[in-house]
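*Asks:* Using the numbering used here, the final residue of the sequence shown is 130, and nothing's skipped along the way.
Built from N, CA and C at the ideal position, the CB exists for glycine as well.
In this text, all values refer to a predicted model and were calculated from it rather than measured experimentally.
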Amino acid sequence: MPRLRALDPSFRVGCQLALDATSVVLANVGTLDRADERDFLRAWANDAAFMKRQPGFISAQLHRAVGDSPTYLTYAIWESIAALRAAFTSPEFRATLSCYPSSAAASPHLFQKVAVPDICVA
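The following block contains the structure:
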């Protein structure tokens, strides 16, 4: 199971999951030992396949840091926090967490789009 490190210790992901909001992005920065990358990728693919079948899931993308750093960024787009919460708290998903290598550490956080005039839309 990956160790959780709060991106914002004053407002952890558990508190965020208790809120109600629509159109959310789960961003997660993860680190691990280089020797564990193959196991990490296998575990992530398994989790992503599970999430893809869940109501409210829109998409997910995995990125690897440039160079030799075994750091990964995942973002998943969900219709709502309620849909994400249902998937995240399901026993089937919780069981998959044990498949991650022991060196894995994750920093998940929820976000929503912000509109900035003449730059981007929400």
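Quick one: residues in its chain with C-beta nearer than 7 angstroms to the C-beta of PHE48, no 5 flanking neighbours on either side, listed in chain order?
*Replies:* Once the five neighbours on either side are set aside, the close Cβ partners of PHE48 are LEU40, TYR108, PRO109 and ALA112.
*Asks:* Hey, how far is the Cα of ALA68 from the Cα of ALA53?
*Replies:* Taking the straight line joining both Cα atoms gives about 11 angstroms.
*Asks:* Using only the alpha-carbon positions, how far apart do SER115 and PRO125 sit?
*Replies:* Those two C-alpha atoms are separated by around 30 angstroms.
*Asks:* Under three-state DSSP, which class holds GLY38?
*Replies:* Correct three-state label for GLY38: strand.
*Asks:* Closest to ALA14 by C-alpha separation, out of PRO78, ARG42 and ALA35, would be which residue?
*Replies:* Among PRO78, ARG42 and ALA35, the Cα nearest to that of ALA14 belongs to ALA35.
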